[in-house]
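**Student:** Below are the structure tokens for one structure; questions will follow.
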Amino acid sequence: MSGTQEIRVLVVEDDPVAADAHALYAGRVEGFRVVGVAHSRAAAVRLLDRVPVDLILLDLYLPDGHGLALLRALRAAGHAADVIAVTSARDLAVVREGVSLGVVQYVLKPFAFATLRDRLTRYAEFRGAAGEASGQDEVDRALAALRAPQPAILPKGLSGPTLEAVTRSLREAAAGLTAAEAGTAVGISRITARRYLEHLVTEGRAARAPQYGQIGRPELQYRWRETTR
9 MSGTQEIRVL VVEDDPVAAD AHALYAGRVE GFRVVGVAHS RAAAVRLLDR VPVDLILLDL
69 YLPDGHGLAL LRALRAAGHA ADVIAVTSAR DLAVVREGVS LGVVQYVLKP FAFATLRDRL
129 TRYAEFRGAA GEASGQDEVD RALAALRAPQ PAILPKGLSG PTLEAVTRSL REAAAGLTAA
189 EAGTAVGISR ITARRYLEHL VTEGRAARAP QYGQIGRPEL QYRWRETTR
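Quick note on the numbering used here: the sequence shown kicks off at 9 and runs consecutively.
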């Protein structure tokens, strides 16, 4: 996006760890700049009254109200920022309502950096379209950039549901997990669990360190990254 204005992003997410991760991810995509993080509906409103925002990464489950209620209030107040819903909500009725309120994309949790990068890149392409369309084909291409994202591609042999299970187990383990412990928790082999854990490390969502103090070769201990900024 060289030569164009940066897209200013507000992250609205009640989980501080997830909020930091989403801000980190968005900040890594060229052309995007995170201008604020809010952990509640009220905090988001206060920030939007002070800081210009182009795009909101919006969690739908907030401690002081549903994300779509926040969006309805923002539209009524004249805020025109676009919204990408970043949520675990899978209710298609909620999806339809979100679309009617201006949600341009949905990203289901948990997700890898590549997934959000794809959505943001496509959003930037859509936002950058300017001028008058020469015909229907050009309009269709502009909308396709936004509405038809390619599926996120995991490394060969990894599946989304298993990655979600490993991610959940790691986040819930305050002391971290070895590959063997993660495999036991999820019901997969140690070797398979290690592949998923290494993927999380590569994506910057987990850290690893050798665990000493036992006889023999030290095991690697994986921990969810509590601070990702």
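Don't be surprised by glycine CBs; every beta carbon is placed ideally from N, CA and C.
Distance, Cα to Cα, residue 125 vs residue 113?
**Tutor:** Distance between the alpha carbons of residue 125 and residue 113: 12 Å.
**Student:** Excluding the 5 residues flanking residue 27 on each side, which residues of the same chain have their C-beta closer than 7 Å to its C-beta?
**Tutor:** Around residue 27: 19, 21, 45 and 47.
**Student:** Just grab the DSSP bridge partners of residue 42 for me.
**Tutor:** DSSP output for residue 42 lists 17 as bridge partner(s).
**Student:** Residue 73 by DSSP, collapsed to three states: which one?
**Tutor:** In the structure shown, residue 73 sits in a strand (DSSP, three-state: E or B).
**Student:** Just the Cα atoms here: how many angstroms apart are residue 66 and residue 230?
**Tutor:** Cα to Cα, residue 66 sits roughly 29 Å from residue 230.
**Student:** Per DSSP, residue 90 forms a beta bridge with which residues?
**Tutor:** Its beta-bridge partners are 63.
**Student:** Which stretch, first to last residue, makes up the alpha helix (DSSP H) that contains residue 231?
**Tutor:** Run containing residue 231: none in the alpha helix (DSSP H); it sits in the beta strand (DSSP E), 227-232.
**Student:** Given a cut-off of 8 Å on the beta-carbon distance, is the pair residue 198 and residue 188 in contact?
**Tutor:** It is a contact, given that the beta carbons lie within the stated cut-off.
**Student:** Note down, in chain order, each residue of its chain lying with its Cβ closer than 6 Å to the Cβ of residue 35, except the 5 sequence neighbours on either side.
**Tutor:** Once the five neighbours on either side are set aside, the close Cβ partners of residue 35 are 42.
**Student:** Give the secondary structure of residue 186 by DSSP, where H, G and I count as helix, E and B as strand, and everything else as coil.
**Tutor:** Here residue 186 sits in coil by DSSP.
**Student:** Since residue 95 sits in a beta bridge, which residues does DSSP pair it with?
**Tutor:** In DSSP, residue 95 forms a bridge with 116.
**Student:** Can residue 106 and residue 93 be called in contact, C-beta distance under 8 Å?
**Tutor:** Cβ atoms of residue 106 and residue 93: closer than 8 Å.
**Student:** Under a three-way DSSP split, which group does residue 214 fall into?
**Tutor:** Strand at residue 214.
**Student:** Of all the options 212, 226 and 211, which has the alpha carbon lying nearest to the alpha carbon of residue 218?
**Tutor:** Minimum Cα distance to residue 218 is reached at 226.
**Student:** May I have the straight-line CA-CA distance separating residue 130 from residue 123, to the nearest angstrom?
**Tutor:** If I take the Cα positions, the gap works out to 11 Å.
**Student:** Using a Cβ-Cβ cut-off of 6 Å (strictly less than) and excluding sequence neighbours within five positions of residue 17, which residues of its own chain qualify?
**Tutor:** Here the set comprises 34, 40, 42 and 63.
**Student:** What does the alpha-carbon distance come out to for the pair residue 195 and residue 29?
**Tutor:** Approximately 27 Å, taken between the alpha carbons.
**Student:** Tell me, please, which residues DSSP counts as bridged to residue 37.
**Tutor:** None; residue 37 has no bridge partner.
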